[in-house]
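All remarks here apply to the structure that follows.
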Amino acid sequence: MRTSRFWQALEALGGSAPQRDWVRELGEDWAIAGALLHRTGDFAEELVCPRSSENGCFRHLVLLPDGKFRADCGDVPRRCDTLRLERDDVRILALHRGKLASALIRAFGLQDTTPVVAPTPMLALGRYDMRSGVGFAVFLGLTEQGAPFIFADLAPVFRTPGPKAVLVPHASAIDCDLSSRLAEAEARVFLLDDVVVWDQKTTLAARFDPRTIFRDLIAKLPGSGDDAPAPPAIALPPGTTWSSIRIAFENDELFNFSGPGVQRAVAPADVGMADKRTGKARLPWEWLRSFALHGGRIPVGKSSAQKHKQFVSEQLSAFTGIVEDPIGDDSGQYVARFTIDGSGLRQGVAGLSRRNLADDD
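Quick note on numbering: the sequence shown equals residues 49 to 409 in this note's numbering.
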């Protein structure tokens with residue numbers, strides 16, 4: 049469900065208003081959008097009258113002995129009837145910046161996030177990473193009372209090198225001059241209604257695949273050219289190292305890959321180790337199986353075995369996005385930098401012995 053009514057209400061109400069006004073502006077969206085608001089602890093002293101005169105008037109609020117409120121027309125003579133209201137109707141609700149920031153961080157899977165402390169116009173939400181260490185900063189711009197940004201408000205964006213995304217609730221927040229300056233600084237402005245939708249579980253969700261939304265920024269990242277390798281097949285947290293990875297063979301043609309927040313069954317074709325014509329496992333996969341059978345430690349061997357090892361290293365790095373070589377060299381032995389378990393392999397695989405694969409030339 050589109051979020052446009054919320055951003056329109058935010059602009060119309062200046063980010064803070066009695067609950068009654070929020071409910072009126074949001075309509076059916078109130079049920080989910082209310083999660084992004086919070087009570088300020090204040091109560092309204094007057095309400096805008098929907099039938100005011102040309103000069104405008106307010107309904108004056110009077111606290112009643114039973115704790116409820118009475119709204120009296122401010123026009124002279126009075127033009128509308130007295131209205132009785134519940135306490136919640138006149139509670140002041142304001143946008144909760146922290147909740148909005150958290151919802152956007154979840155929606156886009158941002159990394160290196162920082163808590164929202166001060167109500168600054170430009171909040172650094174975190175980074176959208178394509179792979180470990182390669183990504184761009186994402187900012188959320190929120191102006192006071194719906195006023196447009198000035199140059200100083202955008203200082204955190206201009207100070208940040210490289211491509212970056214700036215999320216704003218409405219187009220009027222950034223004028224043409226600032227928009228041009230942001231473009232020169234490799235910053236792309238996104239309207240929130242264009243990139244997020246309501247979600248019953250997480251409040252907000254990405255409207256499309258983030259890789260589609262941020263396509264133009266991703267194209268500016270290192271290694272994103274036409275000749276660059278495809279993005280990793282799995283999404284590991286930034287900074288993940290091989291020491292937190294485990295590969296456990298379930299059978300001859302499948303291993304279970306697990307890492308921080310990720311678990312996946314992997315076949316030879318998933319890591320480029322299957323023959324494209326027959327679909328059968330190639331020698332590098334057999335080398336990896338033997339490597340697993342021997343607990344992740346095997347003699348370096350001659351040139352063909354070294355080629356198998358190199359191919360396995362390249363494919364595992366491409367699969368995970370972890371740049372470091374997954375297999376080290378220690379005193380003539382190849383040693384896994386990750387945990388590898390071959391207990392699920394059938395006994396016959398032992399025929400692919402340490403000697404056979406190490407000495408094959």
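Each residue gets a CB set at the ideal place from its N, CA and C atoms; glycine is no exception.
Model, not experiment: these values are computed from the prediction.
>> Do W55 and P462 have their beta-carbon atoms positioned less than 7 Å apart in this structure?
In response: Residue 462 is absent from the structure shown; the chain starts at 49 and stops at 409.
> Does the separation of the CB atoms of L215 and A155 fall below 7 Å?
Replying inline: Here residue 215 refers to the residue found at position 167 when the sequence shown is read from its first residue. Here residue 155 refers to the residue found at position 107 when the sequence shown is read from its first residue. In this structure, A155 does not lie closer than 7 Å to L215 by Cβ.
> What do you reckon, are the CB atoms on F297 and V314 nearer than 7 Å?
Replying inline: As a position in the sequence shown, residue 297 is number 249, starting the count at 1. As a position in the sequence shown, residue 314 is number 266, starting the count at 1. Cβ atoms of F297 and V314: not closer than 7 Å.
>> I'd like the list of long-range same chain contacts for M170, defined as Cβ closer than 7 Å, with 5 residues on each side in sequence excluded.
In response: The sequence position of residue 170 within the sequence shown is 122, counting from 1. The residues are F187, G189, D201, L202, P204, V205.
> At which residue ranges does the segment 182-258 contain complete beta strand (DSSP E) runs of 3 or more residues, listed in the order of the chain?
Replying inline: 182-189, 212-216, 235-239, 244-247, 251-254
>> For a quick check, are the C-beta atoms of P316 and W333 less than 7 Å apart?
In response: The residue labelled residue 316 in the question sits at position 268 within the sequence shown. The residue labelled residue 333 in the question sits at position 285 within the sequence shown. It is a contact, given that the beta carbons lie within the stated cut-off.
> Over what stretch of residues does the alpha helix (DSSP H) that includes G89 continue unbroken?
Replying inline: The sequence position of residue 89 within the sequence shown is 41, counting from 1. No alpha helix (DSSP H) contains G89, which is instead part of the beta strand (DSSP E) from 85-91.
> Span of the beta strand (DSSP E) holding Q381?
Replying inline: The residue given as residue 381 occupies position 333 in the sequence shown. Its beta strand (DSSP E) spans residues 381-384.
>> Runs of 3 residues minimum, wholly inside the segment 310-374: which ones carry the beta strand (DSSP E) assignment?
In response: 310-314, 345-347
> What does a CB cutoff of less than 7 Å around P167 pick up in its chain, not counting 5 residues either side in sequence?
Replying inline: Sequence index remark: in the sequence shown, residue 167 carries index 119 (1-based). So the qualifying residues of the chain are R145.
>> With three or more C-beta pairs closer than 8 Å as the rule, is the segment 221-229 touching the segment 67-87?
In response: no
>> Given this structure, state the Cα-to-Cα distance separating G157 from T260, to the nearest angstrom.
In response: By one-based count along the sequence shown, residue 157 stands at place 109. By one-based count along the sequence shown, residue 260 stands at place 212. When rounded, the distance between both Cα atoms is 14 Å.
> What's the gap between the Cα of E192 and the Cα of L148?
Replying inline: By 1-based counting over the sequence shown, the position of residue 192 is 144. By 1-based counting over the sequence shown, the position of residue 148 is 100. In a straight line, the C-alpha of E192 is about 15 Å away from that of L148.
>> Beta-carbon within less than 8 Å of L58's beta-carbon, same chain only, minus the 5 sequence neighbours each way: which residues are those?
In response: If you number the sequence shown from 1, residue 58 lands on position 10. Taken in chain order, the residues that qualify are L143, G194, P217, H218.
>> With the cut-off set at 7 Å, would you say G390 and Q363 are in Cβ contact?
In response: Translated into positions along the sequence shown, residue 390 becomes position 342. Translated into positions along the sequence shown, residue 363 becomes position 315. Not in contact: G390 and Q363 (Cβ atoms no closer than 7 Å).
> What residue from G392, A329, A185, S306 has the CA that sits closest to E234's CA?
Replying inline: Taking the first residue of the sequence shown as 1, we reach residue 234 at position 186. Answer by Cα proximity: A185.
>> Helix, strand or coil for D274? Go by DSSP, reduced to three states.
In response: Here residue 274 is taken as the residue at index 226 of the sequence shown, counted from 1. Low local confidence applies: a pLDDT of 43 at D274 is under 50, so the model's placement there is unreliable, with the coordinate-based value given in what follows. Note: D274 maps to coil in three-state DSSP.
>> Here's the rule I'm using: 16 or more other beta-carbon atoms within 10 Å means buried, otherwise exposed. How should A60 be labelled?
In response: Residue numbering aside, residue 60 sits at position 12 when the sequence shown is read from its first letter. Exposed, because fewer than 16 other Cβ atoms sit within 10 Å of the Cβ of A60.
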